[in-house]
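Residue numbers (my numbering): 238 to 652.
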């Protein structure tokens with residue numbers, strides 16, 4: 238084995254320029270792949286995680302026929318007053334939590350479109366009724382720019398910063414919410430602004446949403462003790478949500494269950510697109526690297542045909558020749574992988590401090606802000622170089638087999 242290693246290293250350094258170019262291309266590909274994976278993970282951390290912790294939860298339950306009058310499919314943006322509602326939501330939440338230990342807490346939510354006004358200023362908004370007692374456990378990321386959260390039984394409201402600015406109000410002021418009951422009658426409620434809400438990282442997604450006590454929205458819609466959706470947070474957020482949703486759908490025939498991925502809407506759109514692009518980029522990088530390594534290995538076989546014939550003539554077995562060329566590919570892959578892994582970690586570290594700026598409004602939505610700050614994933618920093626080294630071995634296998642099958646007499650006559 239030491240002799241094979243010496244021969245492989247000598248053969249690689251015999252054509253230094255070609256070896257350097259191959260290793261550099263591999264290193265660049267690995268570095269970009271490590272950066273791409275960190276970029277994708279950063280988007281999930283910056284947008285999707287806050288969305289799960291402030292609006293989506295992990296699992297959502299709707300009435301089985303909730304959207305029967307709206308095309309049959311529940312929508313992320315559809316106000317719940319267009320849906321058929323769940324009765325006695327708190328009792329159902331208790332039943333679900335008792336049945337499913339993988340869920341830690343649940344919250345009832347009811348949404349309606351409303352005209353919000355103060356003085357002569359008014360605007361359309363979305364009034365989201367939630368149970369304030371369950372909010373901290375299910376919506377931990379729902380924070381404040383100013384003021385405080387409203388309490389149960391209080392006709393208070395958390396306004397979006399844009400709504401507060403448009404209406405010219407702040408904590409302590411009053412706003413009037415005007416809407417329609419489920420049967421079309423006008424309804425109104427005077428709400429005291431207790432605070433201005435925010436979710437760090439989701440400022441670009443705030444729109445016109447405002448929060449109020451669930452009881453207030455139920456009163457405006459005149460629906461009694463009902464809710465449009467139940468939001469549940471998992472005990473372990475790292476566990477996949479689909480098995481939990483499927484289990485609840487089977488156990489509770491009067492509900493339909495959806496995961497945060499089903500209902501993620503714009504929150505996960507950018508992430509899914511980035512994942513898709515990153516996957517295509519990974520495949521292209523692997524193909525480019527494989528082509529480069531295969532070309533290098535084939536050139537080596539053609540240039541060393543007489544040498545291979547000599548090795549075979551003095552008694553080297555085919556397996557030894559095969560091992561020699563595969564070892565050269567392993568050295569190329571290992572060197573490129575190590576350099577690329579280190580370069581990728583360096584890039585991610587630098588961009589993690591400076592940030593990847595958003596150059597358009599679409600990127601701001603994808604990033605959840607003006608810049609994205611990736612973090613080093615040491616697992617990816619190890620897996621990507623290892624995978625690309627295996628790609629190098631696979632690419633060199635064909636030329637190595639070709640070299641091992643050369644007949645000594647024919648190889649020695651090769652000019």
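Note that CB positions come from ideal geometry on N, CA and C, so glycine has one too. As the structure is a prediction and not an experimental result, all values here were calculated from the model.
Legend entry - Contacts around residue 582, its chain only, beta-carbon distance under 6 Å, and the 5 residues preceding and following it disregarded: 613 and 618
Legend entry - Spatial neighbours of residue 479 in its chain, beta-carbon cut-off 7 Å, leaving aside the 5 residues before and after: 496
Legend entry - Closest by C-alpha distance to residue 720, when choosing among 399, 348 and 381: There is simply no residue 720 to check, as the chain begins at 238 and stops at 652 in what is shown.
Legend entry - Alpha-carbon to alpha-carbon, residue 387 and residue 298: 25 Å
Inset, instruction - Figure out for me which residue from 369, 554, 295 and 361 has the closest Cα to the Cα of residue 327. - result: 369
Legend entry - N- and C-terminal bounds of the beta strand (DSSP E) containing residue 283: Here residue 283 belongs to no beta strand (DSSP E), and DSSP marks it neither H nor E.
Inset, instruction - Report the rounded CA-to-CA distance for residue 477 versus residue 470, giving the unit in angstroms. - result: 12 Å
Inset, instruction - Use the C-beta contact count for residue 438: other C-beta atoms within 10 angstroms, 16 or more gives buried, fewer gives exposed. - result: buried
Inset, instruction - Just the C-alpha distance for residue 481 and residue 374, rounded to the nearest angstrom, thanks. - result: 18 Å
Inset, instruction - Specify the secondary structure class of residue 500 as computed by DSSP and reduced to three states. - result: coil
Legend entry - Boundaries of the alpha helix (DSSP H) in which residue 484 is found, first to last residue: 479–488
Legend entry - alpha helix (DSSP H) runs wholly inside the region 449–473, at least 4 long, in chain order: 451–458
Inset, instruction - Please report the residue range of the alpha helix (DSSP H) in which residue 404 lies. - result: 398–404
Legend entry - Which residues DSSP lists as bridging residue 429, in chain order: 393 and 411
Legend entry - Pairwise C-alpha distance: residue 351 and residue 420: 15 Å
Legend entry - Given 8 Å, three or more beta-carbon pairs between the region 326–343 and the region 379–396: no
Legend entry - residue 590 (DSSP reduced to helix, strand or coil): helix
Inset, instruction - Can you tell me which of the three DSSP states residue 296 falls into? - result: strand
Legend entry - Opposing strand residues paired with residue 386 [DSSP bridges]: BP columns for residue 386 are empty, so no partner.
Inset, instruction - Tell whether a beta-carbon distance below 9 Å holds between residue 378 and residue 291. - result: yes
Inset, instruction - For residue 274, collect the residues of the same chain with a Cβ closer than 6 Å to its Cβ; drop the 5 residues on either side in sequence, then sort them by chain order. - result: 617
Inset, instruction - Could you check which residue in 286, 269 and 260 has the C-alpha nearest to that of residue 520? - result: 269
Inset, instruction - Assign residue 491 to one of two classes, buried (16 or more other C-beta atoms within 10 Å of its C-beta) or exposed (fewer than that). - result: exposed
Inset, instruction - List the endpoints of the continuous beta strand (DSSP E) containing residue 346. - result: 340–355
Inset, instruction - Locate the alpha helix (DSSP H) running through residue 329, then write down its first and last residues. - result: 326–336
Legend entry - Close-in-space but distant-in-sequence residues of the same chain around residue 432 (CB under 7 Å, 5 per side omitted): 381, 383, 384, 385, 386, 395 and 408
Inset, instruction - Identify, in the order they occur along the chain, each residue of the same chain with its Cβ nearer than 8 Å to the Cβ of residue 483, setting aside the five sequence neighbours on each side. - result: 494
Inset, instruction - Take residue 444 as the anchor and find which of 452, 434, 629 and 572 has the nearest alpha-carbon. - result: 434
Inset, instruction - Pull up the distance between the alpha-carbon of residue 333 and that of residue 456, whole angstroms please. - result: 26 Å
Inset, instruction - Provide the residue span of the beta strand (DSSP E) that contains residue 374, from first to last. - result: Where residue 374 is concerned, there is no enclosing beta strand (DSSP E), although the alpha helix (DSSP H) it sits in stretches over 372–375.
Inset, instruction - Return yes when the Cβ of residue 611 is within less than 9 Å of the Cβ of residue 589, no when it is not. - result: yes
Inset, instruction - To the nearest angstrom, report how far apart residue 365 and residue 325 are at their CA atoms. - result: 18 Å
Legend entry - Three-state class that DSSP yields for residue 534 in the structure shown: helix
Inset, instruction - Can you check DSSP and say which residues form a bridge with residue 323? - result: 464
Legend entry - Pairwise C-alpha distance: residue 255 and residue 601: 42 Å
Legend entry - From 287, 321 and 283, residue whose alpha carbon lies closest to that of residue 300: 321
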